[in-house]
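Right, one structure below, let's go through it.
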Amino acid sequence: MRAHEAGWAHAAVSVRGPGWLPQPEDANALVPRLWPATTRKGADGVLSVGGVRVTDLVREHGSPAYVLDEADFRTRARAFRDAFGTPPDVHWDVFYAGKAFLCTTIARWVAEEGLSLDVCTGGELTVAERAGFPMERIGFHGNNKSVGELERAVELGVGRIIVDSFHELERLSRITRSLGRTARVMIRVTAGVEAHTHEYIATAHEDQKFGLSISTGDALDAVRQAHADPGLELLGLHSHIGSQIFDSAGFEVAARRVLALHQQIAEEIGLELPEMDLGGGFGIAYTTQDDPSDAGQLATEMTRIVSDECDSRGIAVPRLSIEPGRAIAGPAMCTVYEVGTVKTVELDGGAVRTYVSVDGGMSDNLRTALYDAEYSCTLASRRSEAPALLSRVVGKHCEAGDIVVMDEFLPGDLAPGDLLAVPGTGAYCWSMASNYNHLLRPPVVAVRDGETRVVVRRETEADLLATDIGPDLNAGSAAER
Numbered sequence: 016m017r018a019h020e021a022g023w024a025h026a027a028v029s030v031r032g033p034g035w036l037p038q039p040e041d042a043n044a045l046v047p048r049l050w051p052a053t054t055r056k057g058a059d060g061v062l063s064v065g066g067v068r069v070t071d072l073v074r075e076h077g078s079p080a081y082v083l084d085e086a087d088f089r090t091r092a093r094a095f096r097d098a099f100g101t102p103p104d105v106h107w108d109v110f111y112a113g114k115a116f117l118c119t120t121i122a123r124w125v126a127e128e129g130l131s132l133d134v135c136t137g138g139e140l141t142v143a144e145r146a147g148f149p150m151e152r153i154g155f156h157g158n159n160k161s162v163g164e165l166e167r168a169v170e171l172g173v174g175r176i177i178v179d180s181f182h183e184l185e186r187l188s189r190i191t192r193s194l195g196r197t198a199r200v201m202i203r204v205t206a207g208v209e210a211h212t213h214e215y216i217a218t219a220h221e222d223q224k225f226g227l228s229i230s231t232g233d234a235l236d237a238v239r240q241a242h243a244d245p246g247l248e249l250l251g252l253h254s255h256i257g258s259q260i261f262d263s264a265g266f267e268v269a270a271r272r273v274l275a276l277h278q279q280i281a282e283e284i285g286l287e288l289p290e291m292d293l294g295g296g297f298g299i300a301y302t303t304q305d306d307p308s309d310a311g312q313l314a315t316e317m318t319r320i321v322s323d324e325c326d327s328r329g330i331a332v333p334r335l336s337i338e339p340g341r342a343i344a345g346p347a348m349c350t351v352y353e354v355g356t357v358k359t360v361e362l363d364g365g366a367v368r369t370y371v372s373v374d375g376g377m378s379d380n381l382r383t384a385l386y387d388a389e390y391s392c393t394l395a396s397r398r399s400e401a402p403a404l405l406s407r408v409v410g411k412h413c414e415a416g417d418i419v420v421m422d423e424f425l426p427g428d429l430a431p432g433d434l435l436a437v438p439g440t441g442a443y444c445w446s447m448a449s450n451y452n453h454l455l456r457p458p459v460v461a462v463r464d465g466e467t468r469v470v471v472r473r474e475t476e477a478d479l480l481a482t483d484i485g486p487d488l489n490a491g492s493a494a495e496r
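Here it is as structure tokens:
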């Protein structure tokens, strides 16, 4: 699942497109499951989200822009809350992944919908604090939390700190003694499970940076150390097998191994841990080849997995947590770009490739370059009757790998000034956005009931220069002085 080591251009790529991408009968048509729930196309071909036409949105807020469907986001959050809150005799807490996309508005929506929140840096914790998020509903992740971050978490009284190493246990021990406080912790364990996903986002196999190994005994030793520390309240074990996962089989194996350790702790240490987190990282549909499960199906499968394993071991089901990952924010947002140039390149064998350059790129969506991620897109500003051509949507950066959509059939009459929209950009796109080539990061514009509201403003050139502490340009050169 990795790119060719010499770069994307050296990989074997068919100029006729991947096998899963058929030529559409109508290049104007939408595939509804790829888009935010309120997305529509009018008879004129103009895309609307939340009752707002993207042509009007771009006219007011500029391009590129992330378009966030508030109703879709809230609906997905409620779906996970309700699905995992209804199974009998099993309680699940649902933690929204701040790393997917976080701003103060999102933190407030998450709180209002009754979810908990995962953060993994002091910066994310600061956003949650500013939003007034209940600290007792926050989990603090991270494999290398600084002393300052841990001190802040303990001072604020976050609900749980997910401990990732022995060094972190030692830091927390010193901090709680110094502050005279108690920290609630979970021990992150690696269960040795290979999630069926990109290797960079598979997180429970042994050869990676996260967690303490069950198989080597490190996880059990960490439990003993945490239990013996009067400044730490040990809640339970935490397992996370990866991200963009569609198959529940990996969770079944992980649950079996983590519950075996849970039982071993009870038998050998005499400690019945009250909680357990099985992670999540559920997948979403970026293209028609993706077939994610809905929240109800996931709740049923995950509850069965844990209940069956606990029954077989004769132990009580602990209070459980789940982390949907990108599954809430990801589908709730799309990105709108303006086309700048279009060119057709003749290739060997008489094939051609059409390059459509837009006004953003890897600075607002790094995932294509980083993970070989595949996206879809559509002409968003008009209807076209032109035949569909296999196209590659690329950005404006000085980088050959600056690709937004690797393969998509788009109308053959695309021209400068047209708008394209890319679905599924709500998770990890704004979060990973950069100022590469000193490009300005786009705004996030929330839409609902025909109204727009900027929740993250577009950057300005003043923002770019705000941290640039260089020579005093008004003081003249050294020679002049």
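Under the working numbering, read the sequence shown as residues 16 to 496, first letter to last.
Ideal Cβ placement from N, Cα and C applies to all residues, glycine included.
Would you call the CB atoms of residue i and residue j closer than 7 Å?
{"i": "L250", "j": "M201", "result": "yes"}
{"i": "V105", "j": "D84", "result": "no"}
{"i": "S336", "j": "D108", "result": "yes"}
{"i": "G294", "j": "E338", "result": "yes"}
{"i": "E476", "j": "R456", "result": "no"}
{"i": "A395", "j": "A98", "result": "no"}
{"i": "L286", "j": "I280", "result": "yes"}
{"i": "R192", "j": "G246", "result": "yes"}
{"i": "S258", "j": "G296", "result": "yes"}
{"i": "G60", "j": "R398", "result": "yes"}
{"i": "D454", "j": "S372", "result": "Note that residue 454 corresponds to Leu in the displayed sequence, not to Asp. Contact flag unset, no."}
{"i": "M348", "j": "T440", "result": "yes"}
{"i": "R203", "j": "I177", "result": "yes"}
{"i": "D374", "j": "Y352", "result": "yes"}
{"i": "V357", "j": "L429", "result": "yes"}
{"i": "V169", "j": "I190", "result": "yes"}
{"i": "A300", "j": "P307", "result": "yes"}
{"i": "F225", "j": "N159", "result": "no"}
{"i": "M150", "j": "L171", "result": "yes"}
{"i": "A269", "j": "I256", "result": "yes"}
{"i": "K411", "j": "G376", "result": "yes"}
{"i": "S188", "j": "D236", "result": "no"}
{"i": "L49", "j": "P438", "result": "yes"}
{"i": "V134", "j": "T303", "result": "no"}
{"i": "A80", "j": "P431", "result": "no"}
{"i": "Q38", "j": "A403", "result": "yes"}
{"i": "E166", "j": "G137", "result": "no"}
{"i": "A112", "j": "G340", "result": "yes"}
Per DSSP, which residues does residue i bridge with? Please list them.
{"i": "P426", "result": "A403"}
{"i": "E248", "result": "R199"}
{"i": "R175", "result": "G154"}
{"i": "E338", "result": "G295"}
{"i": "T205", "result": "S228"}
{"i": "A80", "result": "V351"}
{"i": "T467", "result": "V462"}
{"i": "V420", "result": "V408"}
Which residue comes first and which comes last in the beta strand (DSSP E) that contains residue i?
{"i": "M348", "result": "M348 to E361"}
{"i": "A436", "result": "L434 to P438"}
{"i": "E287", "result": "From DSSP, E287 is part of no beta strand (DSSP E); its letter is neither H nor E."}
{"i": "L194", "result": "Run containing L194: none in the beta strand (DSSP E); it sits in the alpha helix (DSSP H), F181 to L194."}
{"i": "V460", "result": "V459 to R463"}
{"i": "V109", "result": "W107 to A112"}
Determine the extent of the alpha helix (DSSP H) in which residue i is found, giving its start and end residues.
{"i": "W124", "result": "T119 to E127"}
{"i": "R472", "result": "R472 -> no alpha helix (DSSP H), and no H or E assigned at all."}
{"i": "R93", "result": "E85 to G100"}
{"i": "R321", "result": "Looking at the sequence shown, residue 321 is not Arg but Val. First-last of the alpha helix (DSSP H) with V321: A310 to R328."}
{"i": "V134", "result": "First-last for V134: S131 to V134, but that is the beta strand (DSSP E), not the alpha helix (DSSP H)."}
{"i": "R456", "result": "Careful: R456 lies outside any alpha helix (DSSP H) and carries neither H nor E."}
{"i": "D236", "result": "D233 to A243"}
{"i": "G138", "result": "G137 to R145"}
Mind reading off the beta-carbon distance from residue i to residue j? Whole number of angstroms is fine, and I expect it under 8 Å.
{"i": "E128", "j": "R93", "result": "6 Å"}
{"i": "L405", "j": "G34", "result": "In fact, because the Cβ distance is near 13 Å, the residues do not count as touching under 8 Å."}
{"i": "G345", "j": "A442", "result": "4 Å"}
{"i": "Y370", "j": "V409", "result": "6 Å"}
{"i": "V354", "j": "D433", "result": "4 Å"}
{"i": "L140", "j": "F110", "result": "L140 to F110, Cβ: 14 Å. No contact."}
{"i": "C392", "j": "V420", "result": "5 Å"}
{"i": "V462", "j": "C118", "result": "With 8 Å as the limit, V462 and C118 do not qualify as a contact, their Cβ atoms being about 15 Å apart."}
{"i": "A143", "j": "I153", "result": "6 Å"}
{"i": "T501", "j": "A86", "result": "There is simply no residue 501 to check, as the chain begins at 16 and stops at 496 in what is shown."}
{"i": "S446", "j": "K114", "result": "6 Å"}
{"i": "F238", "j": "I284", "result": "One point to set straight first is that residue 238 is Val, not Phe, in the sequence displayed. Yes, V238 and I284 are in contact; Cβ-Cβ is about 7 Å, under 8 Å."}
{"i": "V460", "j": "L72", "result": "6 Å"}
**OP:** Scan the stretch 363 to 418 and note each continuous alpha helix (DSSP H) run of 4 residues or more that stays entirely inside, going in chain order.
**Re:** 382 to 386, all fully within the stretch 363 to 418.
**OP:** Could you tell me which uninterrupted beta strand (DSSP E) segments, each at least 3 residues in length, are contained entirely in the stretch 31 to 68, listed from first to last along the chain?
**Re:** 62 to 64
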